[in-house]
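Residue numbers (the working numbering): 1162 to 1643.
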């Protein structure tokens, strides 16, 4: 392991985070907030610049990244950014507990949207902005941002992008990784800007429009209102956000194909068809199941659509309190929490691409049971899938289940309420935000003790980085010199 290279890169990211913290400082100036808020951001910026300066002195002899260094950089970066990003809340006294502040910012950067805040509206505008802006940063990935716009970081950068981009495979659009990152980030930012404008035109003020567009783009779900999107009671806002959450759950590579008029490639994409199929079937089933609670079709459709899109995209905004819905609908919601959206999107969950591999593998095993001498190759979009990739996909599922059970056991030491603990682990590991029962859409995570909050903070980062980059940190053998 090239330790100097690892910590040198993390130092560069700390400098980028210091620059990003200037934006909430500007918000504090615009809203004429007290000096304590400005001071909190300023002290954090100084600390980040100091850490960056120290890392600059390391000067690694080799600048090429191997896969293990890519994994280590990715996991350590997300822990570091969450920690330093939490400091303004602590220094300002708005979230005095460092554990709570780290939970909140890890939830922001990982685009989880779970919160320990009992009344979010007590936060200052600058803190609300920084909290939601973390969704925009973390949605596409801070490391992807670094490679897209920062100077060249050395050979092997693909090993870092592989570790951060959601999904079982990292798909290059063009020959250079840097250009692929730039293309995806430009599409991401343009889409975000479009939805900011649409929300503003629908009646939200510019600040509220930015906050909720950031949450939809990063599929994070932080709102600056205690009642989330329900606060506005605005059907236009709910439809715009439903469309936004659905679109940001799509693989960004498909938008590149759309811009290049490769329409056939999009329609042939099996993962997209399965994703939209899940949404449509879930929407119809939930509408039928909860129809007795509504007197009109339009509110029934709107609440069902919003809830399905916010859960399948792992965003976590809320209009209706789905914790009060019938058990059948809640089970569908729970299933959507696990599936998530498409690989290469900003969403969490297991990912539709892996679900597709599982389904195709089951189908093949059934065929083999009937015709054991036949060969049934697996393909996705008419491209063959290697046996190694299938094995990797099932290893991921097995590891995922093991981590889920471990998280559930650790949380059970605190509360003892199975449904609350189960949905809390589901919400944090799948980067969703709200769960059911004690962590439902009208509740929060403040009742958990510090140990449980630390466990869930780790689960959020494990879920965002899809397990293995974090697990590599506990493997002592990889820290030996190359």
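Glycine included, each C-beta is placed from N, C-alpha and C at the ideal position.
As the structure is a prediction and not an experimental result, all values here were calculated from the model.
Taking a 10 Å sphere around the C-beta of residue 1359, we find 16 or more other C-beta atoms and assign the residue as buried.
DSSP links residue 1610 through a beta bridge to no other residue. Residue 1299 places its beta carbon 8 angstroms or farther from that of residue 1378. A distance below 8 angstroms between beta-carbons, with the five flanking residues on each side excluded, links residue 1307 to the following residues of its chain, in chain order: 1173, 1174, 1177 and 1314. Within the same chain, 1480 and 1481 come within 7 angstroms of residue 1464 by CB-CB distance, once the 5 residues on both sides are set aside. In the three-state DSSP reduction, residue 1540 falls in the strand class (E or B). Of the residues 1343, 1526 and 1428, the one whose Cα lies closest to the Cα of residue 1411 is 1428.
The beta carbon of residue 1446 sits closer than 7 angstroms to the beta carbons of 1493 from its chain, once the five residues preceding and following it are set aside; these are given in chain order. Contact between the segment 1563-1580 and the segment 1596-1605 is present, with at least three C-beta pairs closer than 8 angstroms.
In this structure residue 1440 is buried. Its beta-carbon is surrounded by 16 or more other beta-carbon atoms within 10 angstroms. Contact annotation: residue 1415 and residue 1395 have beta-carbon atoms that are not nearer than 8 angstroms. Segment contact: the segment 1460-1477 against the segment 1228-1241, fewer than three CB-CB distances shorter than 8 angstroms; contact not assigned. Within the segment 1380-1457, the runs of alpha helix (DSSP H) at least 4 residues long that lie entirely inside it are, in chain order, 1396-1409, 1413-1420, 1424-1428 and 1431-1451. Closest in C-alpha terms to residue 1502, from the list 1541, 1432, 1561 and 1536, comes 1432.
In its chain, beyond the 5 residues on either side, 1605 and 1607 have a beta carbon closer than 7 angstroms to the beta carbon of residue 1279. Residue state for residue 1630 is assigned as helix, using DSSP reduced to three classes. Closest by C-alpha distance to residue 1296, out of 1593, 1208, 1522 and 1248, is 1593. Following the DSSP letters along the chain, one finds residue 1283 in no alpha helix (DSSP H), marked with neither H nor E. Contact check between the segment 1447-1466 and the segment 1420-1427: fewer than three CB pairs, one atom from each, fall below 8 angstroms, which does not count as touching.
With the rule of 3 Cβ pairs closer than 8 angstroms, the segment 1244-1262 does not count as touching the segment 1343-1362.
Beta-bridge analysis with DSSP links residue 1545 to 1540. Here DSSP, grouped into helix, strand and coil, assigns residue 1194 to coil.
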